[in-house]
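Counting from 28, one number per residue, gives the positions in the sequence shown under this note's numbering.
Here is the structure we will look at, set down as structure tokens.
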Amino acid sequence: MESKLQELTSRIYREGIEKASAEAAQIKEQASREAAEMLENARREAHRIVEEAQKEAEELRRNVSNEIRMSTRQAMAALRQQITELITTRMVEGPVKDAFNDREFIKKLIETIIKNWQSQNNGQGMTVILPPAEEKELGAWLETKGRQLLTTGLEVVYDEKTGKGFRIGPADKSYIISFTEEDFENFFRTYLRPRTIKLLYGGE
């Protein structure tokens, strides 16, 4: 009886051990599968994050590069503009100032305009506007010489708003043409600017 009981106990023990071992093996296998799956998921996620980071970095690089190129072009354009303005100013400002400080040049200019006015304005009189500082010299000369040249009537007016030079118009003052130092500077700058750009930058 005792041997049967011991045999039964041993069998139950073995079966228990076998069952436990089988369950342990199954649990271990399932844990290994889950661990492998988690590791694969982690690898895929890491790969996705790296790819996304690389795309964002590349886009940022392109944007920064484009910004740098655009800023460089703008800076170069501004620099070229400044250089062009500096050169045209140097080319124009001095000679124009010298010309408008030359009373004989101004007189010759006014005289030429009056002669042409006489023939092209159907006998209409003229108004000449001078700065007040020119009343004694140019004004006095104009009162004499101008009236000799322009038989249809000449009015000389003095205006603080007129810089070095003069302005002219018909007697009815329907329009005014300005011949001041500033007007000539602007005209010559406009004329010389494209030629200066072509000379400096090959016509860009």
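The beta-carbon is built from N, C-alpha and C at its ideal position, and this holds for glycine as well.
Scan the segment 108 to 168 and note each continuous beta strand (DSSP E) run of 3 residues or more that stays entirely inside, going in chain order.
153 to 157
When the Cβ atoms of the segment 175 to 192 are set against those of the segment 151 to 160, are three or more pairs found closer than 8 Å?
yes
The segment 129 to 140 contacting the segment 209 to 220, beta-carbon criterion three pairs below 8 Å:
no
Using a Cβ-Cβ cutoff of less than 8 Å, which residues in the same chain neighbour Arg174 once the five nearest sequence positions on both sides are dropped?
Counting from 1 along the sequence shown, the entry for residue 174 is found at position 147. For Arg174, where only same-chain residues beyond five positions count, the Cβ hits under 8 Å are Leu181.
Looking at the unbroken beta strand (DSSP E) that takes in Leu181, where does it start and where does it end?
Sequence index remark: in the sequence shown, residue 181 carries index 154 (1-based). Leu181 -> beta strand (DSSP E) spans Leu181 to Tyr185.
Could you please give me the residues that DSSP links to Ile232 through a beta bridge?
As displayed, the chain neither begins before 28 nor continues past 231, which places residue 232 out of reach and without an answer.
Cβ-based neighbour list, Glu18, same chain, cut-off 8 Å, excluding 5 preceding and 5 following
With the chain represented from 28 up to 231, any question about residue 18 goes unanswered, as that position is not in the structure.
Can you tell me whether Met103 is buried or exposed? The criterion is at least 16 other CB atoms within 10 Å of its CB, across all chains shown.
Numbered from 1 along the sequence shown, position 76 holds the residue referred to as residue 103. Exposed, by the Cβ-count rule.
Under DSSP, the beta strand (DSSP E) around Ser205 begins and ends at which residues?
Translated into the one-based positions of the sequence shown, residue 205 becomes position 178. Here the beta strand (DSSP E) through Ser205 covers Ile204 to Thr207.
Buried versus exposed, by CB contacts within 10 Å (16 or more), Leu87
Position 60 of the sequence shown, counted from the start, is the residue given in the question as residue 87. Result: exposed.
Along the chain, where does the beta strand (DSSP E) that runs through Gly196 open and close?
The count along the sequence shown starts at 1 and reaches residue 196 at position 169. Gly192 to Pro197 is the extent of the beta strand (DSSP E) around Gly196.
Cβ neighbours of Ala198 in the same chain (closer than 7 Å, five flanking residues each side left out):
For the purposes of this step, residue 198 is identified with residue 171 of the sequence shown, where counting begins at 1. Once the five neighbours on either side are set aside, the close Cβ partners of Ala198 are Gln151, Gly152, Met153, Thr154, Gly180 and Glu182.
CB contact flag (Leu177, Ile141, <8 Å)
Taking the first residue of the sequence shown as 1, we reach residue 177 at position 150. Taking the first residue of the sequence shown as 1, we reach residue 141 at position 114. Going by C-beta atoms, Leu177 is nearer than 8 Å to Ile141.
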